[in-house]
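K.L.:
Would you mind keeping the following structure in view while I ask a few things?
Residue numbers (this note's numbering), protein chains in the order written: chain P, 1 to 132; chain F, 1 to 282.
In structure tokens:
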């Protein structure tokens, strides 16, 4: 049976990590995995560009990492669990890093979570929101 | 004969592990969440299993993209704790149950489940946070563990129906094991959460509560819920809930609800937790 990936494209503000996207993001995610070791984290911190150049990543992937643009990393095939190794290396929590993908700053996002989280109403469908 | 005595489900939020390890469980933010597990810790102390089969997902901690098994079982004597980028959690290693694990794995493969066998495995917060929630911070974990890792990270994930069937097959396998063991099956991960993209922070409490009701009373129908609904209603990471279906399948047709807890928020997510026993077993 052919998987229906098209069905995921109508979910607003969401990148579904499919087997196809995993292929696009392989080197980016492998770089992330390397940061599970403390010596590699030290080498990355010492010279990020030189460390990234050891991987067969695209320039777009490298630039997104250097700019800590997590949405661009997702679009380029990164998965948040892999990308978490980058923000762990930066000493950031999931809340701090995840909020950067939204239109809120960290305190606003934390306040939203304390108030019960993001309400799903209006967030089910891009079509319903008038988005493409 | 070995028997399935209970099913536990719980979220496995990494920040919960940090709160335990840093002694922050009494802080205002965390106190209400940990209070929700007070009953469970007491219950578990009186109902400690010999072996817990813990269904969880690895979060790019041990498995990279070189090998991405759909279902994988750990058969080793012990499992070390992963470094997830902050250094490994300062907790005891997890002791395995190779005799039961080899029996269950063999049985599942014979039952047509294409299980990957792991003779070496490091476990991450997906497995260790539930242990902390149910047992606190002991010098040594009071139960042996069989890790059962499920790919819920990369789509396509296994269907709910396949997860439910796997749970039923685990039940048959355990009941055929020639050894006097109390065995629990834990389903971890969930509830509603989305930790990426502009929609991050999504929480859908009515949907979560209905899921728990259906898991208890109507799993034969619940198993056919499409992944798209989990993703839309419970967030892109809400699909982790299919792992609760494996736990539920292992308990048999009817269950008694021993305990239920729901709380928002823990970090970016909702926390859900159930203790179930096979009907009439207590």
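Idealized CB from N, CA, C, for every residue including glycine. Every value quoted in this text rests on a predicted model; they were computed, and no experiment measured them.
For chain F, find out if any of its Cβ atoms is closer than 8 Å to the Cβ of residue 107 of chain P; answer yes or no.
P.N.:
no
K.L.:
For the putative contact between residue 182 of chain F and residue 5 of chain F, defined by C-beta atoms under 8 Å, what is the C-beta separation to the nearest angstrom?
P.N.:
5 Å
K.L.:
How do the stretch 185-203 of chain F and the stretch 48-55 of chain F stand: do at least 3 beta-carbon pairs fall below 8 Å, yes or no?
P.N.:
yes
K.L.:
Report, in whole angstroms, the separation of the C-beta atoms of residue 167 of chain F and residue 245 of chain F, which I expect to be a contact under 8 Å.
P.N.:
6 Å
K.L.:
Using beta-carbon positions only, say whether residue 141 of chain F and residue 191 of chain F come within less than 8 Å of one another.
P.N.:
no
K.L.:
Do we get a CB-CB distance below 8 Å when we pair residue 59 of chain F with the residues of chain P?
P.N.:
yes
K.L.:
Would DSSP call residue 8 of chain P helix, strand or coil?
P.N.:
helix
K.L.:
Whole-angstrom Cβ separation of residue 30 of chain P and residue 65 of chain F, contact assumed at under 8 Å?
P.N.:
7 Å
K.L.:
Determine contact between the stretch 132-152 of chain F and the stretch 87-103 of chain F, defined as no fewer than three beta-carbon pairs at a distance below 8 Å.
P.N.:
yes
K.L.:
Using a Cβ cut-off of 8 Å, pull out every chain F residue sitting near residue 67 of chain P, in sequence order please.
P.N.:
None at all; the shortest Cβ gap to chain F is about 17 Å.
K.L.:
Would the beta-carbon of residue 272 of chain F fall within 8 Å of that of residue 231 of chain F?
P.N.:
no
K.L.:
Can you list the residues of chain P that residue 83 of chain F reaches, using a CB-CB cut of under 9 Å?
P.N.:
36, 37 and 38
K.L.:
From what residue to what residue does the alpha helix (DSSP H) around residue 98 of chain F run?
P.N.:
98-110
K.L.:
Which value, in whole angstroms, describes the spacing of the CA atoms of residue 254 of chain F and residue 233 of chain F?
P.N.:
27 Å
K.L.:
Quick check on the burial criterion: 16 or more other C-beta atoms within 10 angstroms. Buried or exposed for residue 8 of chain F?
P.N.:
buried
K.L.:
Please identify the residue among F:251, F:99, F:106 and F:117 whose C-alpha is closest to the C-alpha of residue 215 of chain F.
P.N.:
F:251
K.L.:
Would you kindly work out how many angstroms separate the C-alpha atoms of residue 24 of chain F and residue 129 of chain F, rounded to a whole number?
P.N.:
So the alpha carbons of these two residues sit roughly 14 Å apart.
K.L.:
Tell me, please, which residues DSSP counts as bridged to residue 273 of chain F.
P.N.:
F:10 and F:261
K.L.:
Would you call residue 147 of chain F buried or exposed, if buried means 16 or more other Cβ atoms sit within 10 Å of its Cβ?
P.N.:
buried
K.L.:
Kindly indicate which three-state DSSP category residue 89 of chain F falls into: helix, strand or coil?
P.N.:
coil
K.L.:
Under 7 Å Cβ to Cβ from residue 225 of chain F, same chain only, skipping five residues before and after it: list those, please.
P.N.:
160
K.L.:
Between residue 76 of chain P and the rest of its own chain, which residues show a CB-CB distance below 8 Å, the 5 nearest in sequence each way excluded?
P.N.:
24, 25, 28, 58, 60, 61 and 64
K.L.:
Could you have a look at residue 148 of chain F and say whether DSSP puts it in helix, strand or coil?
P.N.:
strand
K.L.:
Of the residues P:107, P:106, P:81 and P:123, which one's Cα is nearest the Cα of residue 35 of chain P?
P.N.:
P:81
K.L.:
Residue 114 of chain P touches chain F at which residues, Cβ-Cβ below 7 Å?
P.N.:
265
K.L.:
In angstroms, rounded to a whole number, what distance separates the CA positions of residue 35 of chain F and residue 239 of chain F?
P.N.:
26 Å
K.L.:
Only counting the same chain, and skipping five residues up and downstream in sequence, which positions put a Cβ closer than 8 Å to that of residue 43 of chain F?
P.N.:
258, 259 and 275
K.L.:
Between P:116, P:72 and P:112, which lies nearest to residue 21 of chain P when the distance is taken from Cα to Cα?
P.N.:
P:72
K.L.:
If you count every other CB in all the chains shown that lies within 10 Å of the CB of residue 281 of chain F, and 16 or more means buried, which is it?
P.N.:
exposed
K.L.:
Could you tell me how far apart the beta carbons of residue 99 of chain P and residue 109 of chain P are, in whole angstroms, since I believe they sit closer than 8 Å?
P.N.:
4 Å
K.L.:
Grouping DSSP H, G and I as helix and E and B as strand, with all else coil, what is residue 155 of chain F?
P.N.:
strand
K.L.:
Which one or two residues does DSSP pair with residue 266 of chain F in a beta bridge?
P.N.:
F:269.
K.L.:
Kindly indicate if chain P contains any beta-carbon less than 8 Å away from that of residue 233 of chain F.
P.N.:
yes
K.L.:
What does DSSP give as the partner residues of residue 54 of chain F in its beta bridges?
P.N.:
In the DSSP output, where bridge partners are listed per residue, residue 54 of chain F has F:147 and F:186.
K.L.:
Going along the chain, which residues of its own chain have a beta-carbon closer than 8 Å to the beta-carbon of residue 163 of chain F, five neighbours each way excluded?
P.N.:
150, 223, 242, 243, 245, 246 and 249
K.L.:
When you compare the CB of residue 122 of chain P with every CB in chain F, is at least one pair closer than 8 Å?
P.N.:
no
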